[in-house]
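Below: the structure, in structure tokens.
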Amino acid sequence: MRPLSLAADIELSAVVPIYNEEGSLGELHRRLTAVLEPMGIRYELILVDDGSRDRTPELIAELCRSDPRVRGVHFSRNFGHQAALAAGLQHAQGRAVVVLDADLQDPPELIPQLVARWREGFQVVYAQRRHRSRESWTKRAAAFLFYRTLRRITRFEIPADTGDFCLMDRAVVDLLNEMPERNRYVRGLRAWVGFRQTAVPFDRPPRYAGEPKYTFAGSFGLAVNGILALSKFPLRVATYFGLIVSAASFLLAIWYVVQRAIGNEDLVRGWASTIVVILFLGGVQLLTIGIIGEYLSRIYDEVKQRPLFVVRERVGFGPQPARSELDAATRFTAAE
């Protein structure tokens with residue numbers, strides 16, 4: 121895929137995936153403007169509406185009318201946070217791109233520090249959380265365990281305690297836009313491309329308004345997607361289970377032969393041990409089939425070659441906005 125044609129005078133693009141954030145949108149725009157205007161750079165704000173069902177689309181349209189630096193991308197339905205993030209990257213035209221969430225847990229006031237590190241020569245500057253405000257200990261523990269497990273089972277360095285909040289150089293954004301996969305885990309792909317990367321630590325504040333969009337099930341699904349997208353380790357787990365069960369069965373058979381050879385007739389006979397072995401083997405088989413099925417489902421998604429998202433409307437891009445090949449495929453599919 122070709123990246124969007126660039127506007128040479130835009131130095132910074134801010135990409136914000138949005139889903140039902142009517143309570144935060146005005147404050148988000150105010151704080152972004154308050155941070156970016158004093159920096160004295162040309163910038164754009166790309167707000168990607170991921171099929172919101174509240175007043176978010178109307179508020180984005182109002183911002184586009186009142187501020188020419190705001191652009192709106194509206195999906196035809198909810199395609200998910202990672203798809204919205206991909207759409208924002210496809211439409212971003214700046215020499216550097218900042219990605220942040222609309223709930224203001226990614227504070228816009230950190231952007232000048234990200235830009236400063238980028239100007240020092242780093243192509244990826246990610247915000248690393250030191251503290252999570254108003255989050256339960258179970259969620260913090262789960263996040264701690266996930267990030268460190270992911271680092272262990274991948275062959276490249278994935279920084280712990282980081283989300284999608286980051287700044288990426290145009291070279292990195294172009295590479296991400298060229299990646300064709302549908303099941304995307306952008307923070308992992310961002311680490312995979314390499315280049316010079318560094319962290320800016322911050323304390324994550326609570327949501328400004330509304331309820332969290334990522335439930336436990338949603339966060340768990342994102343974690344599973346990240347593991348399957350970046351590592352073959354689950355397939356090896358299935359192999360390890362098979363080896364362990366085979367070795368245990370072989371040793372058990374030897375033990376029974378030895379007991380018979382020495383004349384031990386007091387071996388326990390009954391159905392309990394048999395049922396336990398059968399259930400254990402059945403569980404291992406189902407687990408293995410499930411792991412293989414997850415990978416096959418991703419192959420199935422790739423083979424179908426459906427577009428990652430469908431854009432219903434673009435606002436603020438001018439009469440003839442630049443479009444990528446992905447957008448062309450999207451229009452073709454939507455027309456059919």
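Heads up, the final residue of the sequence shown is numbered 456 in the numbering used here, and it's a clean run with no missing numbers. In this text, a Cβ means the ideal position worked out from N, Cα and C, and glycines have one as well.
- In the DSSP assignment, residue 211 forms no beta bridge with any residue.
- The way I'd put it, the region 351-371 does touch the region 401-411; three or more beta-carbon pairs between them come closer than 8 angstroms.
- Per DSSP, residue 165 is one residue of the beta strand (DSSP E) stretching across 163-169.
- Under the Cβ criterion (8 angstroms, minimum of three pairs), the region 236-249 does not count as touching the region 147-162.
- Residue 322 places its beta carbon 8 angstroms or farther from that of residue 220.
- Judged by beta-carbon spacing, residue 296 lies within the 8 angstroms limit of residue 209, meaning their Cβ atoms are closer than that value.
- Residue 247 is positioned such that its CB atom lies closer than 8 angstroms to that of residue 282.
- The beta carbon of residue 316 sits closer than 7 angstroms to those of 241, 242, 243, all from its chain and outside the five residues before and after it, given in chain order.
- Rounded to the nearest whole angstrom, the C-alpha separation of residue 375 and residue 398 is 19 angstroms.
- Within the same chain, Cβ atoms closer than 7 angstroms to the Cβ of residue 318 are found at 237, 242, 245, the five residues on either side in sequence being excluded.
- Here residue 302 is not near residue 416, since their CB atoms are 8 angstroms or more apart.
- By a beta-carbon distance limit of 8 angstroms, residue 141 does not contact residue 163. Their separation comes to about 20 angstroms.
- For residue 190, no alpha helix (DSSP H) encloses it; the enclosing beta strand (DSSP E) starts and ends at 190-195.
- Nearest neighbour of residue 250 by Cα position, chosen from 174, 279, 168, turns out to be 279.
- Here the region 225-232 does not lie against the region 185-195, with fewer than 3 beta-carbon pairs under 8 angstroms apart.
- Judged by beta-carbon spacing, residue 435 lies within the 8 angstroms limit of residue 180, meaning their Cβ atoms are closer than that value.
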